[in-house]
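Just so we're on the same page, my numbering is the position in the sequence shown counted from 1, plus 23.
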Amino acid sequence: MNRWIRRLLIVLEIGGGFTGLSMTVVPLTRGVNMPAHAVLGFGVFACVFFFGIVSGLMLVDRSEMGLILSAVYQVVQIPIVSSSWVTYRLFSGVQIAIQWSSGKSAVSLDCGARSFFAWMHGESLQIGGNVLALGLFLYLLRELWRREASGANPQNTS
Numbered sequence: 024m025n026r027w028i029r030r031l032l033i034v035l036e037i038g039g040g041f042t043g044l045s046m047t048v049v050p051l052t053r054g055v056n057m058p059a060h061a062v063l064g065f066g067v068f069a070c071v072f073f074f075g076i077v078s079g080l081m082l083v084d085r086s087e088m089g090l091i092l093s094a095v096y097q098v099v100q101i102p103i104v105s106s107s108w109v110t111y112r113l114f115s116g117v118q119i120a121i122q123w124s125s126g127k128s129a130v131s132l133d134c135g136a137r138s139f140f141a142w143m144h145g146e147s148l149q150i151g152g153n154v155l156a157l158g159l160f161l162y163l164l165r166e167l168w169r170r171e172a173s174g175a176n177p178q179n180t181s
């Protein structure tokens, strides 16, 4: 695995995961009165961001499990959906998003972390994806396939 891409993933997953985790947990600790479904949503996203931190730490070891966990973490960051039925968006670290809505397209760059999920939100249809997460996911898949084909020991590759 390219060491610069590995380092980028480690920083995005650990740093972005920590940012997302802290942004998600703080509202829960402030004593704000929230409905149960909101607390559940915050809890689920906190677990996802914690998973991102773990996947980044596993990449430090250069283990195959680190590649697999990182690929899974990138997949959950790819889709951007907003409709009258469901709205979902999640990223940690950096997001380069391409989105389409009402015949218009947009490209955006965001840093930090963001999570949003809602049922029956009443939004107009908007679809898109995080192209950075998609690219990193495809790279990780290629790396996993390359290791499997060559039978390389994951600990000895750089």
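Cβ coordinates follow ideal geometry from the N, Cα and C atoms, glycine included.
Next item on the list: Assign ASN56 to buried or exposed, taking buried as 16 or more other Cβ atoms, counted over all protein chains shown, within 10 Å of its Cβ.
Entry: The residue labelled residue 56 in the question sits at position 33 within the sequence shown. When all chains shown are included, ASN56 counts as exposed.
Note to self: Just to confirm my understanding: we take VAL62, look at its own chain, exclude 5 residues before and 5 after, and list those with CB closer than 8 Å. What are they?
What the structure shows: Within the sequence shown, the letter at position 39 stands for residue 62. Cβ within range, chain order: LEU51.
Margin query: With distance defined between alpha-carbon atoms, name the residue in LEU157, LEU155 and SER105 nearest to MET143.
Written below: Residue 143 sits at position 120 when you count from the first residue of the sequence shown. For the residues LEU157, LEU155 and SER105, the minimum Cα distance to MET143 belongs to SER105.
Margin query: My assumption, with CB atoms under 8 Å, is that GLN97 sits in contact with LEU167. Please give the rounded CB distance.
Written below: On the sequence shown, residue 97 is found 74 positions in, with the first residue counted as 1. On the sequence shown, residue 167 is found 144 positions in, with the first residue counted as 1. Not confirmed; about 12 Å, so no contact.
Item checked: Nearest residue (CA-CA) to LEU80, options LEU148, VAL71, LEU92 and THR42 -> In the sequence shown, the residue the question calls residue 80 occupies position 57. When only C-alpha atoms are compared, the closest one is LEU92.
Notebook entry, point to check: Where does LEU148 land, buried or exposed, given buried means 16+ other C-beta within 10 angstroms?
Noted result: If you number the sequence shown from 1, residue 148 lands on position 125. LEU148 comes out exposed.
Margin query: Is it buried or exposed, ASN25, if we count other Cβ atoms within 10 angstroms and call 16 or more buried?
Written below: If you number the sequence shown from 1, residue 25 lands on position 2. Exposed.
Note to self: Using a Cβ-Cβ cutoff of less than 8 Å, which residues in the same chain neighbour ALA94 once the five nearest sequence positions on both sides are dropped?
What the structure shows: In the sequence shown, the residue the question calls residue 94 occupies position 71. Contacts found: PHE160, LEU163, LEU164 and LEU167.
Next item on the list: Taking only the alpha-carbon atoms, compute the straight-line gap between ALA129 and ARG53 and give it to the nearest angstrom.
Entry: Residue numbering aside, residue 129 sits at position 106 when the sequence shown is read from its first letter. Residue numbering aside, residue 53 sits at position 30 when the sequence shown is read from its first letter. Rounded to the nearest angstrom, the two C-alpha atoms are 36 Å apart.
Item checked: Element boundaries [beta strand (DSSP E), containing ILE103] -> Here residue 103 corresponds to residue number 80 of the sequence shown, with the count starting at 1. 102–105 is the span of the beta strand (DSSP E), which, as asked, contains ILE103.
Notebook entry, point to check: Over what stretch of residues does the beta strand (DSSP E) that includes VAL117 continue unbroken?
Noted result: The residue labelled residue 117 in the question sits at position 94 within the sequence shown. Element bounds for VAL117: 109–124.
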